[in-house]
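Numbering (our numbering), first residue to last: -14 to 665. A short write-up of the structure that comes next.
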């Protein structure tokens, strides 16, 4: 009997292989590791790819099709060299078939590069047999590249859309269309800027790549470790310290990271074991990290790179989108932090010893300079610089700052922290880190191409609105469900492309109708309506990472915590409850996205205040603890009162506040009674 617990404990305390967890739950990380000559060749291609992107950012982007086709050629060449067709193929060398596919992966896009200015751009609509053959190969390579790097979900969605293009005449009802010929579809997808080489790849070939490269440089400078250390200094000593560290660190890492799973593994390999050691259940520890890490996708300025696509799709400046995301993101992390606090109080968990933690002042003095590039990029974006220029300057600043820091360390006799080889390695890892986004954007281009060719977006919007009976709330609920389903197992950039194409038009349609009737605070087709609808679809696409049955971030956390994956997903959904509420609020009240602030500043302050009170109440209701343990009716009261405080209507605030005050009085009485000495 005594041996079994010891064995389980030994298994539970076994060291975590972070790379293995990443390979299991993040297909982008499941690449070959090749040494020798071929390894150097692949590294050289990555470096040249990054140099090409930096060169065009500094000296001017090429013609759209030229820039995008070269971008895709580099990416597909690398994808087939680095990602095997299946798990049985060798991991330390390139399979001959993959080498052949790599050549085709580069050749198909370069066919456009070489012939665009001379012939292809002049014969639009008159494609030759060779053009169509190249187009077919290109489309097939896009699907295969996406399958290898991103996974089957997005490929299945793309194939469904392709089928819809051909089967239009046979579909009954509003979904019907006159159909698309095979040649016409291939030409549209491969030889225009409305298909594979459309907006997603356009944004990837300019903004997104550079921001991923920027993140690669920041990681080499040691900023990620600095975030963990400063989070420990801020909250490690508090009740349930490691869990609060996970929330703060993930919020900070989310400013530069574009991967929920990457965030989970990056900080979770440290915070999850600490949470378990402190006394949190494995499912809760994994869920905290998963929920906080997923929140990184909605944290400005990067927002999983989807903010750049949103700027292109909506024609709203990128800086305005990042600004609009600030309050919802902060409320999300505040909700996670509050629930962690109540759980710690309920379990009586303490923090870590202060003497074992770094001091914030010392960290800021020694390594605070590492945050200068991040501050610089935020400043440049808010001052109106294009995202591409902002990212380019931020890369230059990060190299300069890290280099100066290393020189100072060398003078002081300390270890050199950043060398020229770190620059080279950052160029390599940056290019490799962008491959998943490029494959996802190319595959998403197929979806957009079919939508533009068939008018599917508006049709789906009309169907959603009709199914909801023209009611805004039901439209939002149906859109939420659609976005959660479409976002399962799909990276942030791709899930935004899909959800904004399919789900957002329904919200815009009904909000415009309400605005025309005078029952909405902002005019039809206003920036507020367009951004609120797109942000709503984006938020729920992101939340698919923690929502069962396919919750990749939660599953990655469970692998580290050695917990039950589905229970972890359910717990993560509970911790992310604010993210399921906030999007409804900013659709009804775009002031939360900082619209109309100048006209109604007091209303803005009141809205934030009541939202904070409401978030605290909802968190207490979910966790079942406030000053003391909550009864079932107190939990319901806290949850309902919190929802009332979060919603924008003044009467909801009054009703919700009244309920909360009543329960607060009960809690104070119960707390005082629990402290009274028992009668002799």
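Glycine is no exception: its CB is placed at the ideal position from the N, C-alpha and C atoms. Note that the structure is predicted; figures quoted are calculated from it, not measured.
Proximity below 7 Å, CB of residue 206 to CB of residue 443: Counting from one through the chain shown, the residue named residue 206 turns up at place 221. Counting from one through the chain shown, the residue named residue 443 turns up at place 458. Cβ atoms of residue 206 and residue 443: not closer than 7 Å.
Inside the segment 132 to 161 only - alpha helix (DSSP H) runs reaching at least 4 residues: 137 to 152
Residue 39 beta carbon less than 7 Å from that of residue 63: What you label residue 63 is simply residue 78 of the chain shown in a count that begins at 1. What you label residue 39 is simply residue 54 of the chain shown in a count that begins at 1. It is not a contact, given that the beta carbons lie outside the stated cut-off.
Residue 373 versus residue 346 - alpha carbon distance: For the purposes of this step, residue 373 is taken as residue 388 along the chain shown, with counting starting at 1. For the purposes of this step, residue 346 is taken as residue 361 along the chain shown, with counting starting at 1. Computed Cα separation, rounded: 34 Å.
Between the CA atoms of residue 83 and residue -12 - distance to the nearest angstrom: Translated into the one-based positions of the chain shown, residue -12 becomes position 3. Translated into the one-based positions of the chain shown, residue 83 becomes position 98. Note on residue -12: pLDDT 41, under 50, position unreliable in the model; the coordinate value appears next. Spanning the two alpha carbons is a distance of roughly 49 Å.
Close Cβ partners of residue 297 (< 6 Å) along its chain, the five nearest in sequence each way excluded: Taking the chain shown and counting its residues from 1, one reaches residue 297 at position 312. Answer for residue 297: 184, 188, listed in chain order.
Pair within 7 Å by beta-carbon distance, residue 366 and residue 304: On the chain shown, position 381 is the one that residue 366 refers to. On the chain shown, position 319 is the one that residue 304 refers to. Yes, the Cβ-Cβ distance between residue 366 and residue 304 is below 7 Å.
Within 7 Å, strictly: CB atoms of residue 590 and residue 562: The residue labelled residue 590 in the question sits at position 605 within the chain shown. The residue labelled residue 562 in the question sits at position 577 within the chain shown. For residue 590 and residue 562, no; Cβs fall outside 7 Å.
Beta-carbon spacing of residue 626, residue 602 below 7 Å: For the purposes of this step, residue 626 is taken as the residue at position 641 of the chain shown. For the purposes of this step, residue 602 is taken as the residue at position 617 of the chain shown. Their beta carbons are under 7 Å apart, which means residue 626 touches residue 602 by this criterion.
Nearest-angstrom Cα separation, counted from residue 221 out to residue -7: The residue given as residue -7 occupies position 8 in the chain shown. The residue given as residue 221 occupies position 236 in the chain shown. Note on residue -7: pLDDT 38, under 50, position unreliable in the model; the coordinate value appears next. In a straight line, the C-alpha of residue -7 is about 28 Å away from that of residue 221.
Assigned secondary structure, residue 614 (DSSP; H/G/I helix, E/B strand, else coil): One-based indexing of the chain shown puts residue 614 at position 629. Of the three classes helix, strand and coil, the one that applies to residue 614 here is strand, per DSSP.
Cβ neighbours of residue 499 in the same chain (closer than 7 Å, five flanking residues each side left out): The residue you call residue 499 lines up with position 514 of the chain shown. Result list for residue 499: 457, 505, in chain order.
Contact set for residue 402: own chain, Cβ-Cβ below 8 Å, skip 5 residues either direction: One-based indexing of the chain shown puts residue 402 at position 417. If we look at residue 402 and ignore the five residues flanking it on each side, its Cβ neighbours are 206, 207, 387, 390, 391, 394.
Under the three-state DSSP convention, the category residue 111 falls into: By one-based count along the chain shown, residue 111 stands at place 126. Three-state result, residue 111: coil.
Cα-Cα separation between residue 413 and residue 32, rounded to whole angstroms: Taking the first residue of the chain shown as 1, we reach residue 413 at position 428. Taking the first residue of the chain shown as 1, we reach residue 32 at position 47. Straight-line Cα distance between these residues: approximately 5 Å.
C-alpha distance - residue 665 paired with residue 657, whole-angstrom precision: In the chain shown, residue 665 corresponds to position 680, counting from 1. In the chain shown, residue 657 corresponds to position 672, counting from 1. Any reading at residue 665 must be qualified, since the residue scores a pLDDT of 40, below 50, and its modelled position is unreliable; the value itself is stated next. Distance between the alpha carbons of residue 665 and residue 657 is about 18 Å.
Own chain, CB closer than 6 Å to residue 543, minus 5 neighbours either side, in chain order: The residue labelled residue 543 in the question sits at position 558 within the chain shown. Taken in chain order, the residues that qualify are 271, 550, 553.
Cβ pair residue 54, residue 121 closer than 7 Å: For this step, residue 54 is matched to residue 69 along the chain shown. For this step, residue 121 is matched to residue 136 along the chain shown. At a Cβ-Cβ threshold of 7 Å, residue 54 and residue 121 do not count as neighbours.
Cβ neighbours of residue 524 in the same chain (closer than 6 Å, five flanking residues each side left out): Within the chain shown, residue 524 is the residue found at index 539, counting from 1. Counting only Cβ-Cβ distances below 6 Å, and skipping sequence neighbours, we find 568.
Exposed unless 16 or more other CB atoms sit within 10 angstroms - verdict on residue -14: For the purposes of this step, residue -14 is taken as residue 1 along the chain shown, with counting starting at 1. A caution first: residue -14 carries a pLDDT of 38, below 50, which makes its placement in the model too unreliable to give a value.
Contained alpha helix (DSSP H) runs [length at least 4] in the segment 207 to 263, N- to C-terminal order: 208 to 220, 226 to 238, 245 to 263
Residue environment, residue 102, which counts as buried when at least 16 other CB atoms sit within 10 Å: As a working note, residue 102 is residue 117 in the chain shown. Residue 102 comes out exposed.
Under 7 Å between C-beta atoms of residue 193 and residue 290: By one-based count along the chain shown, residue 193 stands at place 208. By one-based count along the chain shown, residue 290 stands at place 305. Against a cut-off of 7 Å, the Cβ pair of residue 290 and residue 193 comes out as a contact.
Cβ distance (whole Å) where residue 182 is taken to contact residue 50 below 8 Å: Numbered from its first residue, the chain shown carries residue 182 at position 197. Numbered from its first residue, the chain shown carries residue 50 at position 65. For a cut-off of 8 Å, the C-beta gap from residue 182 to residue 50 is around 6 Å, short enough to register as a contact.
Cutoff 8 Å; reference residue 533; Cβ partners in own chain excluding five residues on either side: Here residue 533 corresponds to residue number 548 of the chain shown, with the count starting at 1. Same-chain partners within the cutoff: 539, 551, 554, 555, 558.
Anticipated Cβ contact below 8 Å, residue 179 with residue 437, distance rounded: Here the question's residue 179 lines up with position 194 in the chain shown. Here the question's residue 437 lines up with position 452 in the chain shown. That pair is a contact at about 5 Å.
Endpoints, the alpha helix (DSSP H) within which residue 282 is located: Sequence index remark: in the chain shown, residue 282 carries index 297 (1-based). Unbroken run through residue 282: none, as it is neither H nor E.
C-beta atoms of residue 479 and residue 517 nearer than 7 Å: Residue numbering aside, residue 479 sits at position 494 when the chain shown is read from its first letter. Residue numbering aside, residue 517 sits at position 532 when the chain shown is read from its first letter. Against a cut-off of 7 Å, the Cβ pair of residue 517 and residue 479 comes out as no contact.
Opening and closing residue of the alpha helix (DSSP H) in which residue 364 lies: Here residue 364 is taken as the residue at index 379 of the chain shown, counted from 1. 357 to 367 is the span of the alpha helix (DSSP H), which, as asked, contains residue 364.
For residue 520, the nearest candidate out of 641, 113, 485 (CA to CA): As a working mapping, residue 520 is identified with position 535 in the chain shown. Minimum Cα distance to residue 520 is reached at 485.
Residue closest to residue 282, alpha-carbon to alpha-carbon, out of 447, 313, 258, 301: One-based indexing of the chain shown puts residue 282 at position 297. Closest in alpha carbon position to residue 282, among 447, 313, 258, 301, is 313.
Range covered by the alpha helix (DSSP H) that runs through residue 80: Reading the chain shown from its first residue, position 95 is the one you call residue 80. Counting along the chain, residue 80 falls outside any alpha helix (DSSP H), and DSSP gives it neither H nor E.
Spatial distance of residue 581 from residue 299 (CA atoms): By one-based count along the chain shown, residue 581 stands at place 596. By one-based count along the chain shown, residue 299 stands at place 314. Taking the straight line joining both Cα atoms gives about 19 Å.
DSSP state of residue 472 mapped onto helix, strand, coil: Translated into the one-based positions of the chain shown, residue 472 becomes position 487. In this structure, residue 472 counts as coil in the three-state DSSP scheme.
For residue 295 and residue 286, the rounded distance between their alpha carbons: Indexing the chain shown from 1 puts residue 286 at position 301. Indexing the chain shown from 1 puts residue 295 at position 310. Going by the C-alpha atoms only, they are around 13 Å apart.
Pick from 417, 268, 247 that is closest to residue 27, judged by C-alpha positions: Position 42 of the chain shown holds residue 27. Among 417, 268, 247, the Cα nearest to that of residue 27 is on 417.
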